[in-house]
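So the sequence shown is residues 4 to 390, counted in the working numbering.
As structure tokens, the structure follows; a few thoughts come after it.
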Amino acid sequence: MPELGPYRAVFAIGRFRSLALIALFARVPAAAAPIVLTMHVVHEMGHGYAAAGLVGSAAAVGSGIGAPAMGWINDRRGLRTTLILTACAEAGFWVAAPLLSLSALLPAALVASALGMPINSVVRQCAAAIAPRCHWRAAFAVDSITTDLAYVLGPALGVLTLLHVGSAAVMWTFGACWLIVNTLLWFLDPPTRSESDQAPRRALRGWFSRPLLAALLIASTTVALSVATELTLVAKLQSHGQQALIAPIYALWALASAAGGFVYGLSGGGIRLFSYSLALTGFTFLLAPVGTWQGLALLLVPAGLACAPSLAACSVRISELAPDQARGLVTGLHGFAMTLGATATTPAVGVLIDRTTAGTAIAVTAVVCLVIIVAAARLDHSEPRES
Numbered sequence: 004m005p006e007l008g009p010y011r012a013v014f015a016i017g018r019f020r021s022l023a024l025i026a027l028f029a030r031v032p033a034a035a036a037p038i039v040l041t042m043h044v045v046h047e048m049g050h051g052y053a054a055a056g057l058v059g060s061a062a063a064v065g066s067g068i069g070a071p072a073m074g075w076i077n078d079r080r081g082l083r084t085t086l087i088l089t090a091c092a093e094a095g096f097w098v099a100a101p102l103l104s105l106s107a108l109l110p111a112a113l114v115a116s117a118l119g120m121p122i123n124s125v126v127r128q129c130a131a132a133i134a135p136r137c138h139w140r141a142a143f144a145v146d147s148i149t150t151d152l153a154y155v156l157g158p159a160l161g162v163l164t165l166l167h168v169g170s171a172a173v174m175w176t177f178g179a180c181w182l183i184v185n186t187l188l189w190f191l192d193p194p195t196r197s198e199s200d201q202a203p204r205r206a207l208r209g210w211f212s213r214p215l216l217a218a219l220l221i222a223s224t225t226v227a228l229s230v231a232t233e234l235t236l237v238a239k240l241q242s243h244g245q246q247a248l249i250a251p252i253y254a255l256w257a258l259a260s261a262a263g264g265f266v267y268g269l270s271g272g273g274i275r276l277f278s279y280s281l282a283l284t285g286f287t288f289l290l291a292p293v294g295t296w297q298g299l300a301l302l303l304v305p306a307g308l309a310c311a312p313s314l315a316a317c318s319v320r321i322s323e324l325a326p327d328q329a330r331g332l333v334t335g336l337h338g339f340a341m342t343l344g345a346t347a348t349t350p351a352v353g354v355l356i357d358r359t360t361a362g363t364a365i366a367v368t369a370v371v372c373l374v375i376i377v378a379a380a381r382l383d384h385s386e387p388r389e390s
């Protein structure tokens, strides 16, 4: 099938195949961690969801701070130095977490997340270094697809395992998984800088450009729209007593996103980043008035189809703008932007759902994201592109 050429080309690179498999393996516990921590705090420790939210927020703030810092270490000292830090932090936290009180769990989650493995940033940095520039679309499409698959598998596996063996066993398993991930990456030792980067080398003083800021803003809005969609889906189905449909409709949405990412990897470069973001915003806005599960399922398909391409296009654009000698820092900022989009949106949408309706919450989110996308487009056009 010649139309699969981009994927055949990128999977022909042995290190990329290994990196993609490690990424999928690592992202499953990463996707399961928030719900496992929440259930541990609520059901095992006997605290409320507010306390669980504080632990989740501490972890999110830590990962937001840590991603650029770990990227900077990658640039200066190499990936293996980073792996030593992340292995100790991840394994230590997940072994100790079941034994900690809430007052100790909060700072531990913050510190461990700051020093832990920023798996998304590491994978994107290494993928950009391994794959030739002409195959970045397919490479980052694979990155988005593995993320979607992990978010289908991770939470479900985490909850099912926790219900059968308890949160302590699940957390210790997470610690073992992260040790395995760090060990595999140590032996794979993927490059973090391209050996044949054809882009003009820029002075590090000028690497943070307006187009880069625009791409980071788009990354934040994409995650914000995804978070708002997830919360709205849960709220609308729960209000109708249809909680049993949350998992299958969520899976449909994630699989549609993976399909969109797959098609993106096969396509040419004619569609701009902002077009994907605008499509995602429009389809997300259309969810606002929908009140039936059939309508939600129907509209989540096009919303999902636009989600992974938007994320992958952001990764391509940010990699194009990153100077090779600061690629780790820039991909870390990419991770920070995505974390910021999630952490800023979650409480805001929650408040809107509580005080108004789920439809109003997602409509307001879509309008705010549209304003940010328009501002980002103006930023991108306000600075001449490098030839």
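Using N, Cα and C, we set each Cβ at its ideal position, and we do this for glycine too.
1. Using alpha carbons as the reference points, say which of Ser-147, Ala-61 and Pro-71 lies closest to Thr-334.
2. Are the beta-carbon atoms belonging to His-50 and Val-44 less than 7 Å from one another?
3. What number of angstroms, rounded off, separates the C-alpha of Ser-390 from the C-alpha of Gly-338?
4. Could you tell me if Tyr-279 is buried or exposed, where buried requires 16 or more neighbouring beta carbons within 10 angstroms of its beta carbon?
5. Quick one: using the 10 Å Cβ neighbour count with 16 as the cut-off for buried, is Thr-224 buried or exposed?
6. Just the Cα atoms here: how many angstroms apart are Asn-185 and Ala-262?
7. In angstroms with no decimal places, state the Cα-to-Cα distance between Leu-216 and Ile-376.
8. Where does Ala-275 fall in DSSP's three states?
9. On the criterion of 16 or more Cβ atoms from any shown chain inside 10 Å, does Cys-310 qualify as buried, or is it exposed?
10. Look at the Cβ atom of Val-145, then the Cβ atom of Ala-254, and state whether they are nearer than 7 Å.
11. Between Val-171 and Leu-160, what straight-line distance do the alpha-carbon atoms span, to the nearest angstrom?
12. Helix, strand or coil for Asp-192 per DSSP?
13. Ile-148: which of Val-293, Leu-24, Val-237 and Ala-90 sits nearest, CA to CA?
14. For the alpha helix (DSSP H) that Pro-91 lies in, which residues bound it at each end?
15. Going by the beta-carbon positions, is the gap between Thr-89 and Asn-77 smaller than 7 Å?
16. Distance check for Arg-83 and Ile-68, CA to CA, integer angstroms please.
17. Under 8 Å Cβ to Cβ from Thr-349, same chain only, skipping five residues before and after it: list those, please.
18. Excluding sequence positions up to five away, which residues of its chain have a Cβ less than 7 Å from the Cβ of Ala-94?
19. Kindly indicate the opening and closing residues of the alpha helix (DSSP H) around Val-16.
20. Give me, in chain order, the residues of the same chain whose beta-carbon lies closer than 8 Å to that of Pro-396; leave out the 5 immediate sequence neighbours on both sides.
21. Would you mind sorting Tyr-267 into buried or exposed? The rule is 16 or more other CB atoms within 10 Å of its CB.
22. DSSP three-state label for Val-293, please.
23. Okay, do the stretch 320 to 336 and the stretch 119 to 128 touch, 3+ Cβ pairs below 8 Å being the bar?
24. Quick check: Ala-63 and Thr-342, are their CB atoms within less than 7 Å of each other?
This is what the structure holds:
1. Pro-71
2. yes
3. Unreliable positioning characterises Ser-390 in this predicted model, as indicated by a pLDDT of 31, which lies under 50. The coordinate reading is nonetheless provided below. Between Ser-390 and Gly-338, the C-alpha separation is close to 27 Å.
4. buried
5. buried
6. 29 Å
7. 11 Å
8. It should be noted that the sequence gives Arg, not Ala, for residue 275. It is coil, neither helix nor strand.
9. buried
10. no
11. Residue 171 is actually Ala in this sequence, not Val. Between Ala-171 and Leu-160, the C-alpha separation is close to 15 Å.
12. coil
13. Leu-24
14. Residue identity check: residue 91 is Cys in the sequence provided, not Pro. Looking at the DSSP string, the run of the alpha helix (DSSP H) that includes Cys-91 is 82 to 99.
15. no
16. 20 Å
17. Val-230 and Leu-234
18. Gly-178, Trp-181 and Leu-182
19. At residue 16 the sequence reads Ile, which differs from the Val that was named. Run containing Ile-16: none; DSSP gives neither H nor E here.
20. Residue 396 lies beyond the range of the chain shown here (4 to 390); nothing can be said about it.
21. buried
22. coil
23. yes
24. yes
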